[in-house]
Amino acid sequence: MDFIALPKIELHAHLTGSISRQTLHEIWLTKKAAGQTDLEDPLAVIPEGKHDYNLVAFFPLFSKYIYALLTDEASIRHATTAVLQSFLQDGVVYLELRTTPRPTPLLSAAQYVDILLSTISGFEEQNPRLHTRLILSVDRRHDYEMAASVLDLAVETSEGGYAARHAMVVGLDLCGDPSARPSGEISLFTPIFEKARAANLGITLHFAEIQASASKAELETLLSWRPRRLGHVIWEDEETKKEIERRKDELCLELCLSCNVHAGMVEGGFEGHHFGGWRRVEGVKVSLGTDDVGIFGSPLSNEYRLAAQHFHLDNRQICALAREGIDFIFGGEVEKERLRRIMWDEHSC
Ligand SMILES: [Zn+2]
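Counting in full-length UniProt numbering, the sequence shown tops out at residue 349, every number present.
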């Protein structure tokens, strides 16, 4: 099977984690030549071929390094365009990119989001096959005010405010270091996500990336926010499994094979990944995602290849899997229709 030609949708990709080392290197070279950075070469900090970043090494890579490179409009446009190009070349037809809006020394958080939206719109005009929408992320380490400002930005740049543009914000995410705010403390953000729902934003939440963020209290809180999608769901016990199975018509799981295996978040390699367990639960929907292809090095086509290889899925099952996420995208009914057309008619699965 040609996994690149297979039309695919990507619902779990972090913008900054999707930037390739080569692109970071190019941005660094430009800044270095202009005397604008003292940072080390990205190819030395994140060597080509290294993908085994555990969570302890993973988060500082962004806070101490990648964010420090993406401080101005030119570098953010360059990085975003390169990310869109690589998803397009990999056969992705619909992409929901997520990012935590952050101010830089040169830009406000609102300017950062505006640059992303205009870059995405410009790219889509040139490359109409790939439709991209944006999800803004609340970080678990945010305080309430910071999270509320992310929500405000999301509402301002959602459909109502941006109807004239292709690109818009369509959802709110909860992400960040899963060891932050354990034992149900995450309920601090309940009013934020309730307002997001009231504003018709889609809700997707990272859940159970590590044991500390897999408590019953946390699941109850997150489900009370009525998410359409849950990301990772690694540490599921019997009770969690039953709860998710009970909500199988309203929830889709975003599962990330290479990320979880390379980061050592699951045991037993690819065969031991919980994708296999969820595939056996009748009716539970799954969408494969790359999470951070820039770090873990596996494009979406390769994630499908890995699923086929390690879980013995035939072509018909791979095509069915690729289509499963359509009903759970945040991009609206017209977009769902376009995807059904592309993914049913064009590709002879
Ligand atoms: Zn993620």
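Ideal placement from N, C-alpha and C gives every residue a C-beta, glycine not left out.
query: Near ligand 1: residue 175 beta-carbon under 7 Å from a heavy atom; result: yes
query: Ligand 1 heavy atom lying under 7 Å from the CB of residue 231; result: yes
query: Any non-hydrogen atom of ligand 1 closer than 7 Å to residue 291 Cβ; result: yes
query: Nearest residue (CA-CA) to residue 148, options 135, 189 and 157; result: 189
query: Alpha-carbon to alpha-carbon, residue 28 and residue 277; result: 42 Å
query: heavy atom of ligand 1 below 7 Å from residue 142 C-beta; result: no
query: Proximity test, residue 14 beta-carbon vs ligand 3 heavy atom, cut-off 7 Å; result: Ligand 3 is not among the ligands present in this structure, which contains only ligand 1.
query: CB contact flag (residue 138, residue 173, <8 Å); result: yes
query: Closest Cα partner of residue 17 within the set 4, 167, 79 and 26; result: 79
query: Supposed close pair residue 240, residue 219 - CB separation, criterion 8 Å; result: 6 Å
query: Other residues of its chain near residue 66: CB distance less than 6 Å, five sequence neighbours each side excluded; result: 16
query: Between the CA atoms of residue 336 and residue 167 - distance to the nearest angstrom; result: 16 Å
query: With 16 other Cβ atoms within 10 Å as the buried cut-off, status of residue 312; result: exposed
query: Other residues of its chain near residue 202: CB distance less than 7 Å, five sequence neighbours each side excluded; result: 170, 171, 228 and 330
query: Beta strand (DSSP E) segments (min. 3 residues) lying fully within the region 91-153; result: 92-99 and 131-139
query: CB-CB length for residue 316 against residue 343, believed under 8 Å; result: Contact doesn't hold; Cβ gap of about 13 Å is too wide.
query: At least 3 beta-carbon pairs within less than 8 Å: the region 95-108 vs the region 67-78; result: yes
query: Any non-hydrogen atom of ligand 1 closer than 7 Å to residue 206 Cβ; result: yes
query: Residue(s) in a DSSP beta bridge with residue 218; result: For residue 218, which the question treats as bridged, DSSP gives no partner whatsoever.
query: Buried or exposed by the 16-neighbour rule on C-beta atoms within 10 Å, applied to residue 63; result: exposed
query: Residues near residue 216 by beta carbon distance below 7 Å, same chain, minus five either side; result: 239
query: 6 Å Cβ shell around residue 96 - same chain, five flanking residues per side excluded; result: 11, 133 and 135
query: Sequence-distant residues of its chain with Cβ nearer than 7 Å to residue 261 (five each side left out); result: 269, 270 and 273
query: Of the residues 287, 263, 194 and 258, the one placed nearest residue 230, counting alpha carbons only; result: 287
query: Within the region 250-286, ranges of the beta strand (DSSP E) (whole runs, at least 3 residues); result: 252-255
query: Inter-residue spacing [alpha-carbon to alpha-carbon] between residue 249 and residue 82; result: 35 Å
query: Selected residue, minimal CA-CA separation from residue 129, among 290, 90 and 52; result: 90
query: Residue span of the beta strand (DSSP E) that contains residue 171, given as start and end; result: 169-175
query: Backbone secondary structure at residue 50 - three-state DSSP; result: coil
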